[in-house]
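Oh and the sequence shown: position 203 is 372 in the numbering used here, straight run, nothing missing. Report on the structure given below.
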Amino acid sequence: MMEHKSNPNNLTEGKIPPIEIKNLSVTYRTEPALWNIDLKLPEGKMIAIVGPNGAGKSTLIKTVMGIVPITAGKVSVYGKSYSKQRTKVAYVPQRGSVDWDFPTDALDVVEMGLYGKLGWLRRPNSKTRKIAKECLEKVGLEDYSDRQIGQLSGGQQQRVFVARALAQDPQIYLMDEPLNGVDVITENTILSILEKLRKEGKTIVMVHHDLQTVDKYFNWVVMLNRNLIATGPIEKVFTKENLDKTYQEKQRVSLR
Ligand code: ADP
Ligand code: MG
Numbered sequence: 170m171m172e173h174k175s176n177p178n179n180l181t182e183g184k185i186p187p188i189e190i191k192n193l194s195v196t197y198r199t200e201p202a203l204w205n206i207d208l209k210l211p212e213g214k215m216i217a218i219v220g221p222n223g224a225g226k227s228t229l230i231k232t233v234m235g236i237v238p239i240t241a242g243k244v245s246v247y248g249k250s251y252s253k254q255r256t257k258v259a260y261v262p263q264r265g266s267v268d269w270d271f272p273t274d275a276l277d278v279v280e281m282g283l284y285g286k287l288g289w290l291r292r293p294n295s296k297t298r299k300i301a302k303e304c305l306e307k308v309g310l311e312d313y314s315d316r317q318i319g320q321l322s323g324g325q326q327q328r329v330f331v332a333r334a335l336a337q338d339p340q341i342y343l344m345d346e347p348l349n350g351v352d353v354i355t356e357n358t359i360l361s362i363l364e365k366l367r368k369e370g371k372t373i374v375m376v377h378h379d380l381q382t383v384d385k386y387f388n389w390v391v392m393l394n395r396n397l398i399a400t401g402p403i404e405k406v407f408t409k410e411n412l413d414k415t416y417q418e419k420q421r422v423s424l425r
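Structure follows, in structure tokens:
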């Protein structure tokens, strides 16, 4: 049976970090997009990934789910490979990377998020439909469930993908710029949903563009520019010095 309950105490997961990355490098063609990253992300935090365009932020998130080839290193999700932990992770892709023309309505997009949990042989049913509807309601889109996904505004599309992630009821939310191009109301809706999840012990990892709001929205930061520049609690590492290092023209890859 599929459970749709949260596990606030995460008793079975102990102190193993939700995400641990060791010596990770990714090279798509000739130049590395990520170089020798070592990173442990803590549980129950709102974590921002910041860095300039091309810094490898999207790549970093994708390596967690094994959707880009890793050149060297290792990524674990609660101490195991992602393939053993896929139901613990939900992903909200960057908006530009989604084909909005596919003939699917908002409710279907949310419900499809549940297929991974059901297994491919199980069919969507009245229960999955109900969960999908509830999640659309949480993001304020109950009136748009049969709207074709391409005919929603940018902010509404983002909310559909947030609803889809909610339906999966994961421990870890990986979100690639979910606040990009959304209006203030949508931004606040998404943030208050995420803050509630964080208080339940979920971990939210978000690529975030707006440096002005990092200290307001997040507890933890990953400052990235192909190399890992700094990571830790906002008040400790989100400093001018680290920002300067992160946003330098182009980080030279430090060869060992
Ligand atoms: P960010 O999200 O920080 O803007 P990305 O992770 O998207 O950065 O990209 C990092 C670098 O890797 C960029 O130079 C980008 O052009 C390159 N890159 C990303 N995806 C691919 C891909 N599928 N094939 C080849 N190069 C890629
Ligand atoms: Mg990106």
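Each residue gets a CB set at the ideal place from its N, CA and C atoms; glycine is no exception. The model shown is predicted, which means the values in this text are computed figures rather than measured ones.
Residue i - partner residues in DSSP beta bridges
| i | result |
| --- | --- |
| GLN317 | ASP274 |
| TYR342 | ALA259 and ILE373 |
| TRP204 | None, per the DSSP bridge assignment. |
| ILE190 | LEU208 and VAL244 |
| THR400 | VAL391 |
| VAL219 | MET392 |
| VAL195 | LEU203 |
Beta-carbon proximity of residue i to residue j, cut-off 9 Å
| i | j | result |
| --- | --- | --- |
| ASN388 | PRO402 | yes |
| VAL329 | ALA275 | yes |
| ALA217 | ARG395 | no |
| VAL489 | ILE239 | Residue 489 lies beyond the stretch modelled for the chain, which goes from 170 to 425, so this question has no answer here. |
| SER245 | ILE206 | no |
| THR382 | VAL390 | no |
| GLN326 | VAL374 | no |
| ILE398 | THR415 | yes |
Rounded distance between the beta-carbons of residue j and residue i, thought under 8 Å
| i | j | result |
| --- | --- | --- |
| ALA259 | PRO339 | 4 Å |
| VAL219 | MET392 | 6 Å |
| ALA334 | GLY282 | 7 Å |
| GLY323 | THR358 | Actually they are not in contact, since the Cβ atoms of GLY323 and THR358 sit about 14 Å apart, beyond 8 Å. |
| GLY242 | LEU208 | The pair is not a contact, with the Cβ atoms about 10 Å apart (cut-off 8 Å). |
Euclidean distance between Cα positions of residue i and residue j
| i | j | result |
| --- | --- | --- |
| LYS299 | LYS365 | 21 Å |
| LYS174 | PRO221 | Unreliable placement is indicated for LYS174, whose pLDDT of 49 sits below 50; the coordinate value is still reported in the next sentence. Cα to Cα, LYS174 sits roughly 37 Å from PRO221. |
| LYS257 | ILE341 | 6 Å |
| VAL406 | TYR313 | 41 Å |
| GLU200 | GLY225 | 12 Å |
| GLY223 | TRP204 | 13 Å |
| LEU180 | LEU229 | Confidence at LEU180 is low in this model, with a pLDDT of 46, below 50, so its placement is unreliable and no value can be given for it. |
| SER252 | MET234 | 8 Å |
| LEU363 | SER227 | 20 Å |
| VAL376 | THR232 | 14 Å |
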